[in-house]
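The listed protein sequences correspond, in order, to chains A and B. FYI, the numbering for the first sequence is 1 to 448, going by UniProt numbering. FYI, the numbering for the second sequence is 1 to 448, going by UniProt numbering. By construction, the Cβ of each residue, glycine as well, lies at the ideal position given by its N, Cα and C atoms.
Number of protein chains: 2
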Amino acid sequence: MTTREDDFITSVEDDLAEGRLTAASRTLAGLSPVDVIDVLERLGRRDRAVLYRLLPKDVALEVFEGLDPVLQGELVHALQDDEVARLFMDLDPDDRVPLLDELPAKVAHRLLRGLPQHERDMTSAVLGYPQRSIGRRMSPEYATTSPGTTVGDTLQRIRLRLDDAETIYTVPVVDHSRRLVGVVSLRDVLRASPGDTIESVMNEPFAVLATADAELAARECADRKLLALPVTDNESRLVGILTVDDALSILEEAESEDAARSGGAEPLRRPYLATPITAVVRARVVWLLALAVGASLTVQVLGVFEETLERMVVLSLFVPLLIGTGGNTGNQAATTITRALALDDVRPRDVLRVLGREVRVGLLLGTLLGALGLAVVGLLYGTDIGLVVGLTLVAVCTLAASVGGVMPIVARKLRVDPAVFSNPFITTFIDATGLIVYFLIARAVLGI
Amino acid sequence: MTTREDDFITSVEDDLAEGRLTAASRTLAGLSPVDVIDVLERLGRRDRAVLYRLLPKDVALEVFEGLDPVLQGELVHALQDDEVARLFMDLDPDDRVPLLDELPAKVAHRLLRGLPQHERDMTSAVLGYPQRSIGRRMSPEYATTSPGTTVGDTLQRIRLRLDDAETIYTVPVVDHSRRLVGVVSLRDVLRASPGDTIESVMNEPFAVLATADAELAARECADRKLLALPVTDNESRLVGILTVDDALSILEEAESEDAARSGGAEPLRRPYLATPITAVVRARVVWLLALAVGASLTVQVLGVFEETLERMVVLSLFVPLLIGTGGNTGNQAATTITRALALDDVRPRDVLRVLGREVRVGLLLGTLLGALGLAVVGLLYGTDIGLVVGLTLVAVCTLAASVGGVMPIVARKLRVDPAVFSNPFITTFIDATGLIVYFLIARAVLGI
């Protein structure tokens with residue numbers, strides 16, 4: 001984002017705030033679609049609809065395509081039926097599906113019925129795949145060739161698809177029954193002589209199943225540095241193609257989801273400034289309540305040890321420090337393993353390897369912190385208390401690192417998002433168990 | 001990752017563990033370079049070097065290119081000088097630079113000196129840009145054309161660069177002094193007639209400065225759904241090109257960094273299983289110590305209120321619950337805003353808008369939780385204690401959401417990674433201030 005674009009945005013926002021619609025629309029005309037999207041994503045629902053309707057027709061479609069599906073769905077309600085029908089017709093088949101998911105069933109049906117047969121078939125094909133599968137995100141518009149076709153003829157076929165194919169730079173090679181037998185890049189096509197057969201220049205295909213998880217498919221596309229990834233059905237028949245820009249959007253959503261969940265909230269599904277306050281509260285309140293209920297365990301644990309606390313109030317001074325350090329150690333491990341799982345660096349069957357490593361890491365960290373705690377607390381509050389704090393740090397750090405490391409893997413095995421079990425959950429768990437460890441050690445060392 | 005590949009990996013790892021090197025190398029021969037990389041990234045340093053040397057020559061280069069620079073640097077130490085020189089020569093100029101950063105200066109110099117003049121010049125150009133700038137990650141190998149050149153001639157020029165250009169699908173258009181004046185896609189070139197000039201088919205260029213932050217440049221490439229982004233110097237002269245696959249790696253690194261920092265640790269810079277335990281401890285211990293020092297504030301705060309605690313030990317029961325809930329609320333806000341900053345949905349100048357929103361969100365959440373707390377705690381421990389807990393929840397949630405929302409923006413303004421100021425830092429801060437709020441409210445309500 002350059003300063004010049006930033007100035008434009010400020011100026012549009014000022015104009016809007018003060019009702020100068022003509023001025024706003026004039027400024028908007030000087031912006032590229034990407035920047036218009038930036039502006040729209042910073043506005044409330046009503047202002048966004050107003051501004052959208054001020055856009056020139058040719059820019060409007062490109063802007064609409066670039067908006068989050070939730071925002072598209074909101075805009076649809078502010079437009080006339082025939083405008084919506086035209087917009088919907090102009091969208092790519094793979095862009096229609098996420099929008100349909102946001103609309104009431106009645107509206108969705110009407111829009112689908114309004115499409116010409118061919119477009120409706122392509123859209124229905126994508127709609128048929130399960131939620132979160134790559135089949136829902138792939139594009140059914142691509143150029144293909146076959147092994148026996150010559151390079152020259154293939155180039156001709158590519159030229160015919162220049163306007164509608166999602167990409168022409170990666171061309172899947174299929175046999176007579178549409179089974180994927182290879183992939184050829186436009187670069188390889190240009191390098192070969194026109195008379196060569198595709199068979200002699202194509203590469204082994206790497207493909208994903210249409211029912212595969214969208215995030216995993218996108219990660220494969222990224223890891224293999226592919227511009228496009230063919231998508232097939234169970235019988236290896238080509239059904240679509242995932243382009244790298246769509247893979248990028250999928251990964252971006254997945255990472256926003258992980259970030260939100262590891263912070264103990266549901267993803268907002270909209271840019272932050274475009275999300276109403278009530279929606280922000282909704283995304284956070286359920287988690288916060290669940291965690292508070294979990295945290296009420298700590299009240300009960302402390303209640304059990306209330307007598308110990310009454311005898312030695314000094315013990316209560318170290319409660320936040322000890323459970324805080326446990327929570328931090330647990331978070332460190334949980335975050336590392338959640339990310340490693342997302343990148344496929346660690347797999348569910350590595351659970352024992354991870355446990356072994358995290359026990360050692362936790363023990364090392366706990367020993368370092370514990371020694372420090374023993375020295376400092378021992379000096380200020382006496383050796384006994386120092387010993388209690390030091391020993392608790394060793395135990396809590398080891399426990400926290402192991403639990404933090406293993407939890408995301410357990411979550412993955414239970415088919416729950418590993419990020420769900422990550423930071424806040426671990427913190428709450430460590431708070432309660434850490435307290436038990438603390439008071440048991442205190443009772444043993446202090447003989448109370 | 002398919003099950004078949006997973007089986008291969010298990011089999012290679014078993015062979016290695018039991019010293020069956022020939023068997024391991026045979027299995028390895030059946031794997032694609034991407035899968036070999038997967039295997040190597042799961043091994044310790046020595047096993048990795050052994051396995052790497054078992055690879056056939058032609059696979060070895062591709063595997064080496066795909067490894068993290070830190071792992072490349074380690075491998076270099078295990079190979080003979082002439083092998084290293086050959087590998088280094090075969091790398092792309094933009095892949096040489098991250099490796100050089102990992103090597104001792106002496107080795108780096110020797111390798112650079114060993115390059116032919118032209119290759120050395122290209123590598124030095126990339127090396128001249130500041131760390132973390134896109135200049136260091138761009139490729140200096142690209143095809144160009146000029147506005148007056150015909151489409152036919154441009155196609156000829158592209159054909160000449162098929163083997164060495166990083167991409168041929170996006171072609172920057174430069175004038176006689178190498179100033180970037182447009183961009184043309186191979187798709188547009190194929191669509192036009194051979195006699196058309198490039199000027200008639202090219203698009204407005206969107207470019208980034210070579211000194212721009214690498215993450216921001218990569219995000220622009222992703223947001224604009226570009227396959228390649230031209231990189232220019234201060235005078236708009238073309239100096240390189242950023243391809244989408246390199247943009248993806250940059251974003252992936254940035255997200256790993258954010259994830260690690262928001263979990264309160266430094267990024268590992270290596271795949272988890274390939275990182276020695278001591279390196280994991282190093283990545284975590286400094287943060288953990290810093291946070292523990294911060295947390296020692298809570299000991300002091302509680303010390304100040306020790307007398308209040310002695311009179312009413314029951315107050316200590318709610319300490320973990322209250323500071324835990326505050327920490328969770330703060331984390332939710334911090335994670336949301338950190339992610340919004342990364343996606344450019346929120347900018348530093350939005351700080352007051354964010355503050356206004358988060359105060360309202362925090363107040364709403366606090367009121368909900370506080371009402372619940374008042375009811376439940378009031379029933380179990382009496383109205384007075386219920387009132388103290390309820391009021392504290394309102395105050396702490398509001399404080400936590402505001403601090404959590406604003407901190408990442410402050411960090412960005414101070415040019416610190418927003419994720420640094422995120423979760424663990426906020427938790428520690430909220431722990432200490434939350435306690436003060438709690439005891440002040442307790443004193444006021446209970447009259448002690």
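Tell me whether B:Gly203 is buried or exposed, calling it buried when 16 or more other Cβ atoms sit within 10 Å of its Cβ.
-> One point to set straight first is that residue 203 of chain B is Asn, not Gly, in the sequence displayed. Classification for B:Asn203: exposed.
Length of the line joining the Cα atoms of B:Val313 and A:Leu435 | 16 Å
Using only alpha-carbon positions, find the residue among B:Val301, B:Asp344, B:Ile430, B:Lys225 that is nearest to B:Ala400.
-> B:Ile430
Could you say which of B:Arg237, B:Thr197, B:Asp163, B:Gly135 lies nearest to B:Thr154 if we only look at CA atoms?
-> B:Thr197
Check each residue of the stretch 434-446 of chain B: if its Cβ is closer than 8 Å to any Cβ of chain A, include it; give the result in chain order.
-> Leu435
In three-state terms, what does DSSP make of B:Asn203?
-> strand
Counting only the same chain and skipping the five closest in sequence on each side, list residues whose C-beta sits under 7 Å from that of A:Leu103.
-> Gly73, Val76
For the beta strand (DSSP E) containing B:Leu238, list its first residue and its last residue.
-> 238-243
Could you check what DSSP says for B:Leu148 in three-state terms: helix, strand or coil?
-> The question names Leu, but residue 148 of chain B is Gly in the sequence shown. Note: B:Gly148 maps to coil in three-state DSSP.
Quick one, which residues of the stretch 295-328 of chain B are near chain A if we go by CB-CB under 8 Å, in chain order?
-> Ala295, Ser296, Thr298, Val299, Leu302, Gly303, Glu306, Leu309, Glu310, Val313, Val314, Ser316, Leu317, Phe318, Val319, Pro320, Leu321, Ile323, Gly324, Thr325, Gly327, Asn328
Beta strand (DSSP E) containing B:Gly182: first to last residue?
-> 180-185
Closer than 7 Å to chain B by CB, A:Asp345 = yes
So, is A:Asp58 buried or exposed, given that buried needs 16 or more other C-beta atoms within 10 angstroms?
-> exposed
Are any of the Cβ atoms in chain B nearer than 7 Å to that of A:Asp245?
-> yes
Note down, in chain order, each residue of its chain lying with its Cβ closer than 6 Å to the Cβ of A:Ala265, except the 5 sequence neighbours on either side.
-> Ala283, Arg284, Trp287
Can you tell me whether A:Glu307 is buried or exposed, with buried defined as 16 or more other CB within 10 angstroms of its CB?
-> exposed
Using a threshold of 7 Å, state whether the C-beta atoms of A:Pro408 and A:Pro418 are closer than that.
-> yes
Run of the alpha helix (DSSP H) containing B:Val396, from where it starts to where it stops | 383-413
A:Met1 to B:Gly240, Cα distance in whole Å?
-> Since pLDDT at A:Met1 reaches only 42, below the 50 mark, its modelled position is unreliable, and no value is offered.
For B:Val364, which residues in chain A fall below 7 Å Cβ to Cβ?
-> Here the sequence assigns Leu to residue 364 of chain B, which means Val is not the residue at that position. Within 7 Å Cβ-Cβ: Val281.
Expressed to the nearest angstrom, what Euclidean distance is found between the alpha-carbon atoms of B:Val174 and B:Arg86?
-> 34 Å
From A:Met122 to B:Ser249, what does the alpha carbon distance come to, in whole angstroms?
-> 33 Å
Are there 16 or more other CB atoms within 10 angstroms of the CB of B:Gln80, so buried, or fewer, so exposed?
-> exposed
Proximity test, Cβ basis, 7 Å: A:Pro205 and chain B | no
Can you find a CB in chain A that lies within less than 7 Å of the CB of B:Asp431?
-> yes
Kindly indicate which three-state DSSP category A:Ser139 falls into: helix, strand or coil?
-> strand
Flag this pair as yes or no: are the beta carbons of A:Thr167 and A:Thr243 separated by less than 7 Å?
-> yes
Span separating the alpha-carbon of B:Ala133 from that of A:Val301 | A quick correction: the sequence has Ser, not Ala, at residue 133 of chain B. Going from the Cα of B:Ser133 to the Cα of A:Val301 covers about 52 Å.
Assess, as a yes-or-no matter, whether the stretch 263-279 of chain B is touched by the stretch 182-202 of chain B under the definition of 3 or more beta carbon pairs within less than 8 Å.
-> no
Using a C-beta cutoff of 7 Å, does A:Asn331 count as contacting chain B?
-> yes
Please list, in chain order, all residues of the same chain as B:Ala340 whose beta carbon is under 8 Å from its beta carbon, the five residues on each side excluded.
-> Val346
Would you say B:Ala395 and B:Glu358 are within 7 Å of each other, going by their C-beta atoms?
-> no
For A:Ile448, collect the residues of the same chain with a Cβ closer than 8 Å to its Cβ; drop the 5 residues on either side in sequence, then sort them by chain order.
-> Thr308, Arg311, Met312, Ala442
Identity of the residue in A:Val183, A:Ser177, A:Leu229, A:Gly148 nearest A:Gly195 by Cα | A:Gly148
Span of the alpha helix (DSSP H) holding B:Thr278?
-> 277-304
Closer than 7 Å, CB to CB, is B:Arg219 near chain A or not?
-> no
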